[in-house]
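Participant: What follows is a single structure, and I will ask about it in a moment.
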Amino acid sequence: MLAIALSVISVVGPQDPPPQLHALIVSGANNHDWQWTSPEIGRALTETGRFDVALTNEPGTALVEAPAMHQRGELDVIVLDYNRKERWPEAAERGFLAAVEAGCGVAVLHAANNAFPGWQDYEKLVGLLWRDGTGHGRYHPFDVHVVDHDHPITLGMADMHMHPDELYHRLVHTDGSSYSVLMAAYSDPKTGGTGRFEPMATVASWGMGRVFHTPLGHVWKGVAESRATWADPQLRRFVARGVEWAATGAVTLAPTPLNTLTASEQKDGFELLFDGRRIEHWRAYRSDGPPAQGWVVRDAAIVHEAGGGGGDLVTVDEYGDFDFRFSFRVAPRANSGVIWHVLETEPQTYMTGPEYQVFDDVGARPQAKHSVGALYDLVVPGDKEIRPAGAWNEGRIVIRDGRVQHWLNGKQLLDVPCRGPEWDAMVAGSKFKDWPFGKSATGRLALQDHGDEVAYRDLRIKRL
């Protein structure tokens, strides 16, 4: 007989997701493609789950109210995607500076350091500016190196590898300004550069406010290829960490970019099954293409919308023994699952494949064999630490040599046979006994459509 312990649930973190930070993106004028970049910057912030983002194309009006909004707790950080020589109206300038002096953060992105020549307060706040003598080589991928490994923004961050962008060189220091350099990149003469390392990120203070500045983030109008700048998960995570620091003085976002492989995972042979933008490694069950409805890519995640239909997603490839790691987020009381060794011989994925249960244990309190991390209807998970609906949990399934392991948030929940007499006995005592269930040693992975809202990201797998 297989001995199964009772599951003990421990809830990690707050019962509700942490309060979001309020960010205001200031746009409306730029020599770059602000009509595209400003919404995309907003998406780079919202996909982290840390920010509530508003966007204004009329800063001359919006910034007048910035001090009052900050005082009321409605504004934590101003993100500048704005470049124009002509200055804002005096009331807007006063409002902007007063909000920052009172503790509102500010993030200065790319060509925003070109703006407002002669506005001395703005120039001191930014510190390094595009002025006479500044330039850049041609658009190309380059490495961006961490200079200060101890600052909250860069703590734990790896260097950015082959980031596609413009590399500003000879930025002009403003007399009387004080800042620290966090990251730098080599400006290669072969691409039109200076032959020296140029600063790619700085931090400073202005009154009680914190200033994060990066000259990265270039996108030209009418040049779709340059949108690769903001498609880079490295830049998206770096900017989000910088904006969070400007807002709070601390960084809670993980240093690893979303939907990427760490250096160790690359070395270990993991494959990425989702890049945050396309679901090319997945398709509809028993179909040659994507589902017609229900599943969408939103906020760097594969999301099934509540009641959307579409059926289960399955991997294009099949897997035998594997180590599959994934993040999932459920809506309150939501139900889903990751099903493995799926064959497409039956009407439903669960008729052939066992399931790692994905569930809102906190809101729904399911029976133990149907709780999050269970081998659904077969094995109760051991003691576990779960994060509530709306928060991201880290799942893991390992199939090796006829055994299956389930993990949740870094803790192993079960390690049981998935072939042989013990397995056959478990199946015979379950709801699956009359189906060709768990018979194959290979098959596809499936993300289950159970009708509820559920999101998946950071999907990566290693064949064992």
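Take the sequence shown: its position 44, counting from 1, is numbered 27 in our numbering, and each next residue is one higher. Note that beta-carbon positions come from the ideal geometry of N, C-alpha and C, so glycine has one too.
(1) What is the DSSP secondary structure of T185, counted as helix, strand or coil?
(2) For Q3, which residues in the same chain have their Cβ closer than 7 Å to its Cβ, ignoring the five residues on either side in sequence?
(3) Could you give the distance in angstroms between the alpha-carbon of L150 and the alpha-carbon of P364?
(4) Can you give me the C-alpha to C-alpha distance between L63 and E254, rounded to a whole angstrom?
(5) In chain order, which alpha helix (DSSP H) runs of at least 4 residues are fully inside the segment 214 to 263?
(6) From R312 to G303, what distance separates their C-alpha atoms?
(7) Mark M(-16) as exposed unless 16 or more other C-beta atoms lie within 10 angstroms of its C-beta, in which case mark it buried.
(8) Does the segment 35 to 46 come within contact of the segment 4 to 11, defined as at least 3 CB pairs closer than 8 Å?
(9) Taking all protein chains shown into account, decide if P(-3) is buried (16 or more other Cβ within 10 angstroms of its Cβ) or exposed.
(10) Give the list of continuous beta strand (DSSP E) stretches no shorter than 3 residues that lie fully inside the segment 59 to 137.
(11) So what's M362 in DSSP terms, helix, strand or just coil?
(12) For W406 and P400, I'd like the C-alpha separation in whole angstroms.
(13) If you measure between the beta carbons of A284 and R440, is that distance less than 7 Å?
(14) Helix, strand or coil, according to DSSP, for L4 in the structure here?
(15) Would you kindly work out how many angstroms separate the C-alpha atoms of Q217 and P198, rounded to a whole number?
(16) Classify S247 as buried or exposed, calling it buried when 16 or more other Cβ atoms lie within 10 Å of its own Cβ.
(17) Which of helix, strand or coil does DSSP assign to A284?
(18) Give me the Cβ distance between A98 and R67, rounded to the nearest whole Å; I'm assuming they're in contact under 8 Å.
(19) Are D344 and V362 touching if we call contact CB-CB under 7 Å?
(20) Which term fits T332, buried or exposed, when burial requires 16 or more other beta carbons within 10 angstroms of its beta carbon?
(21) Just list the beta strand (DSSP E) runs in the segment 306 to 342, keeping only unbroken ones of 3 residues or longer that don't cross its boundaries, in chain order.
(22) So, are the CB atoms of G78 and V109 less than 7 Å apart?
(23) How close, in whole Å, do the beta carbons of D435 and A317 come, if the pair is a contact with beta carbons under 8 Å?
(24) Where does the unbroken alpha helix (DSSP H) through M52 begin, and where does it stop?
(25) Tell me where the alpha helix (DSSP H) around Q395 begins and ends.
(26) Examine the Cβ distances between the segment 286 to 300 and the segment 413 to 433 and report whether three or more of them are shorter than 8 Å.
(27) Would you report the Cα separation of V186 and P238, rounded to the nearest angstrom?
(28) Quick one: Cα of R224 to Cα of P135, how far?
(29) CA-CA distance, H287 and C87?
(30) Once DSSP output is grouped into helix, strand and coil, what is the label at R153?
(31) Can you tell me which of V280, P371, G190, S163 puts its alpha carbon nearest to the alpha carbon of E84?
Facilitator: In short, the structure shows the following:
(1) For this step, residue 185 is matched to residue 202 along the sequence shown. It is a strand residue.
(2) Along the sequence shown, one-based indexing puts residue 3 at 20. Excluding positions up to five away in sequence, the list reads R33, F34, D35.
(3) For the purposes of this step, residue 150 is identified with residue 167 of the sequence shown, where counting begins at 1. For the purposes of this step, residue 364 is identified with residue 381 of the sequence shown, where counting begins at 1. Each residue's alpha carbon lies about 51 Å from the other.
(4) In the sequence shown, counting from the first residue as 1, residue 63 sits at position 80. In the sequence shown, counting from the first residue as 1, residue 254 sits at position 271. For L63 and E254, the distance between alpha carbons rounds to 36 Å.
(5) 216 to 231, 246 to 251
(6) Start at 1 with the first residue of the sequence shown, and residue 312 comes out as number 329. Start at 1 with the first residue of the sequence shown, and residue 303 comes out as number 320. The alpha-carbon atoms of R312 and G303 are separated by roughly 26 Å.
(7) The residue labelled residue -16 in the question sits at position 1 within the sequence shown. No answer about M(-16) holds up, because its pLDDT of 29 lies below 50 and its placement is not dependable.
(8) yes
(9) Within the sequence shown, residue -3 is the residue found at index 14, counting from 1. Its pLDDT being 38, under 50, P(-3) is placed unreliably by the model, and nothing is read from it.
(10) 60 to 63, 88 to 92, 123 to 129
(11) As a position in the sequence shown, residue 362 is number 379, starting the count at 1. Contrary to the premise, residue 362 reads as Val rather than Met in this sequence. Note: V362 maps to strand in three-state DSSP.
(12) Here residue 406 refers to the residue found at position 423 when the sequence shown is read from its first residue. Here residue 400 refers to the residue found at position 417 when the sequence shown is read from its first residue. If I take the Cα positions, the gap works out to 6 Å.
(13) Looking up residue 284 in the sequence shown gives position 301. Looking up residue 440 in the sequence shown gives position 457. Taking 7 Å as the Cβ cut-off, A284 and R440 qualify as a contacting pair.
(14) Taking the sequence shown and counting its residues from 1, the one referred to as residue 4 is at position 21. Note: L4 maps to strand in three-state DSSP.
(15) Sequence index remark: in the sequence shown, residue 217 carries index 234 (1-based). Sequence index remark: in the sequence shown, residue 198 carries index 215 (1-based). Those two C-alpha atoms are separated by around 15 Å.
(16) The residue labelled residue 247 in the question sits at position 264 within the sequence shown. Looking at its Cβ environment, which holds fewer than 16 other Cβ atoms inside 10 Å, S247 is exposed.
(17) As a first step, residue 284 must be located in the sequence shown, where it is residue number 301. If DSSP states are grouped into helix, strand and coil, A284 belongs with the strands.
(18) Taking the first residue of the sequence shown as position 1, residue 98 is located at position 115. Taking the first residue of the sequence shown as position 1, residue 67 is located at position 84. Yes, they are in contact, since the Cβ atoms of A98 and R67 sit about 6 Å apart, within 8 Å.
(19) As a working note, residue 344 is residue 361 in the sequence shown. As a working note, residue 362 is residue 379 in the sequence shown. Result no, Cβ atoms of D344 and V362 do not sit closer than 7 Å.
(20) Start at 1 with the first residue of the sequence shown, and residue 332 comes out as number 349. Per the 10 Å Cβ criterion, buried.
(21) 318 to 325, 338 to 342
(22) For the purposes of this step, residue 78 is identified with residue 95 of the sequence shown, where counting begins at 1. For the purposes of this step, residue 109 is identified with residue 126 of the sequence shown, where counting begins at 1. Against a cut-off of 7 Å, the Cβ pair of V109 and G78 comes out as no contact.
(23) On the sequence shown, residue 435 is found 452 positions in, with the first residue counted as 1. On the sequence shown, residue 317 is found 334 positions in, with the first residue counted as 1. About 4 Å separates the two Cβ atoms, so the contact holds.
(24) Locating residue 52 in the sequence shown gives position 69, where the first residue counts as 1. Element bounds for M52: 49 to 54.
(25) Indexing the sequence shown from 1 puts residue 395 at position 412. Run containing Q395: none in the alpha helix (DSSP H); it sits in the beta strand (DSSP E), 394 to 400.
(26) yes
(27) By 1-based counting over the sequence shown, the position of residue 186 is 203. By 1-based counting over the sequence shown, the position of residue 238 is 255. Distance between the alpha carbons of V186 and P238 is about 17 Å.
(28) Position 241 of the sequence shown, counted from the start, is the residue given in the question as residue 224. Position 152 of the sequence shown, counted from the start, is the residue given in the question as residue 135. Using only the alpha carbons, I get a separation of about 8 Å.
(29) Translated into positions along the sequence shown, residue 287 becomes position 304. Translated into positions along the sequence shown, residue 87 becomes position 104. Straight-line Cα distance between these residues: approximately 36 Å.
(30) Within the sequence shown, the letter at position 170 stands for residue 153. Three-state result, R153: coil.
(31) In the sequence shown, the residue the question calls residue 84 occupies position 101. Nearest option by C-alpha distance: G190.
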